[in-house]
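Written below as structure tokens is the structure these notes are about.
The following block contains the structure:
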């Protein structure tokens with residue numbers, strides 16, 4: 118292809134030498150504990166070089182999108198584990214806490230949410246209400262899919278864009294949504310609406326909740342760049358942080374899209390027994406956790422092992 122402006126074209130014969138040189142620089146940056154920004158940039162270049170050298174055989178498997186799903190996205194989540202942890206705590210602690218508290222203190226639900234909103238939710242999941250989960254035509258399923266996408270994307274965007282308020286907005290929306298989900302879950306649980314509520318949310322909960330947490334984590338990265346720009350202008354720091362934050366948001370958006378699909382076509386269906394829905398949800402959580410812990414490790418190991426080899430050679 119044509120050379121990109123601002124970049125120097127490298128002959129294929131020079132690529133192995135340049136890759137080894139880059140690996141030495143990466144090893145040196147890690148050994149001397151240079152800035153995280155420099156190390157991340159070198160790691161990104163090393164992975165790109167590794168792909169150019171050894172990934173040609175995979176060129177037909179979907180290109181950049183498949184590489185992002187298989188390796189880049191989970192690697193980014195692990196790289197930014199601190200912001201992911203903070204965002205997850207902001208979402209899940211109030212959610213789980215209120216889910217446990219409200220069945221013990223039912224009146225607290227009315228402190229958290231207006232009575233009319235609780236009444237609407239209660240009516241929706243009432244086992245005597247035949248509307249929830251009744252047979253719908255394909256057009257209705259697609260319409261609900263669109264509604265769920267819009268609703269979930271709105272929440273994710275709030276959690277992400279709130280990071281521009283020095284991270285405070287992301288924290289606020291994560292806690293707010295966690296609190297509302299926990300309030301609804303606790304209220305319906307103490308009413309005994311177990312199968313209609315938990316059977317409905319089980320299937321798509323992993324993708325939807327983790328997608329929201331990752332959107333908030335991406336927002337927190339923007340907020341931290343504004344709070345601690347590290348001798349840069351805040352605008353420059355924001356641009357650097359946005360490089361990874363936006364890619365994490367892309368992954369979270371894909372999760373939200375898939376969660377909405379499951380919610381519209383599986384969760385609302387009365388065909389599968391509730392036990393099957395619970396099993397589906399549990400398996401979904403296990404697979405999602407395994408994905409973020411394990412996916413892309415081979416590439417990380419390859420890059421790290423090459424770096425260590427080059428470091429020994431340079432010594």
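Residue numbers (the numbering used here): 118 to 432.
C-beta: ideal position from N, C-alpha, C; glycine also.
### Message
Helix, strand or coil for residue 137? Go by DSSP, reduced to three states.
### Response
helix
### Query
Excluding sequence positions up to five away, which residues of its chain have a Cβ less than 6 Å from the Cβ of residue 433?
Outside the displayed span of the chain (118 to 432) sits residue 433, for which this structure offers no information.
### Task
Could you give the DSSP three-state label for residue 229: helix, strand or coil?
helix
### Query
Can you tell me whether DSSP reads residue 246 as helix, strand or coil?
coil
### Task
Leaving out five residues on either side along the sequence, give the residues of the same chain with a beta carbon under 7 Å from the beta carbon of residue 289.
279
### Task
Reducing DSSP to helix, strand and coil, say where residue 149 ends up.
coil
### Query
CB-CB under 8 Å to residue 284, same chain, minus the five flanking residues each way: which ones, in chain order?
336, 337, 339, 340, 341, 343, 344
### Query
What do you reckon, are the CB atoms on residue 277 and residue 208 nearer than 7 Å?
no
### Query
If you check the beta carbons only, do residue 312 and residue 222 fall under 7 Å apart?
no
### Query
I think residue 295 touches residue 212, with their Cβ atoms under 8 Å apart; what is that distance to the nearest whole Å?
4 Å
### Message
For residue 71, count the other beta carbons within 10 Å of its own beta carbon; 16 or more makes it buried, fewer makes it exposed. Which is it?
### Response
This structure cannot speak to residue 71, because the chain is shown only from 118 to 432.
#### Entry: Exposed unless 16 or more other CB atoms sit within 10 angstroms - verdict on residue 183
exposed
### Message
For the ligand HEM, is there any heavy atom lying closer than 6 Å to the beta carbon of residue 401?
### Response
Summarising the ligand content, the structure contains no ligands, and the ligand HEM is consequently not present.
### Task
Return the CA-CA distance between residue 435 and residue 265, expressed in angstroms with no decimal places.
Past the edges of the chain, shown from 118 to 432, lies residue 435, and the structure says nothing about it.
#### Entry: Integer Cβ distance of residue 270 from residue 373, believed to fall under 8 Å
6 Å
### Task
Starting from residue 392, follow the alpha helix (DSSP H) in both directions and report where the run begins and ends.
391-411
### Exposed unless 16 or more other CB atoms sit within 10 angstroms - verdict on residue 134
exposed
### Message
Less than 7 Å between the beta carbons of residue 334 and residue 201, yes or no?
### Response
yes
### Message
If you measure between the beta carbons of residue 273 and residue 329, is that distance less than 7 Å?
### Response
yes
### Task
Just tell me which of 376, 228, 393, 216 has its CA closest to the CA of residue 305.
216
#### Entry: residue 350 (DSSP reduced to helix, strand or coil)
coil
### Message
Which same chain residues end up closer than 7 Å to residue 403 when comparing Cβ atoms and leaving out the 5 residues on each side of it in sequence?
### Response
none
### Query
In whole angstroms, what is the alpha-carbon distance linking residue 299 and residue 361?
30 Å
### Task
Give me the Cα-Cα distance between residue 146 and residue 154, rounded to the nearest whole angstrom.
10 Å
### Task
Compare the beta carbon distance of residue 383 and residue 316 with 7 Å and say whether it is the shorter of the two.
no
### Task
Please report how far the alpha carbon of residue 388 lies from the alpha carbon of residue 378, in whole angstroms.
16 Å
### Query
Do residue 395 and residue 310 have their CB atoms nearer than 7 Å?
no
### Message
Here's a check: name, in chain order, each residue in its chain whose Cβ is nearer than 6 Å to the Cβ of residue 244, leaving out the five neighbours to either side.
### Response
313
#### Entry: Distance CB(residue 261)-CB(residue 381) smaller than 7 Å
yes
### Query
In chain order, what residues of the same chain lie with their CB nearer than 7 Å to the CB of residue 253, ignoring the 5 residues before and after it?
With a pLDDT of 47 at residue 253, under the threshold of 50, the modelled position of this residue cannot be trusted; read the value that follows with caution. For residue 253, where only same-chain residues beyond five positions count, there are no Cβ hits under 7 Å.
### Task
Throw me the rounded Cβ distance for the residue 412 and residue 188 pair, which I believe falls under 8 Å.
7 Å
### Task
Could you tell me the distance, in whole angstroms, from the CA atom of residue 414 to the CA atom of residue 190?
12 Å
### Rounded Cβ spacing between residue 331 and residue 368 (contact assumed at less than 8 Å)
7 Å
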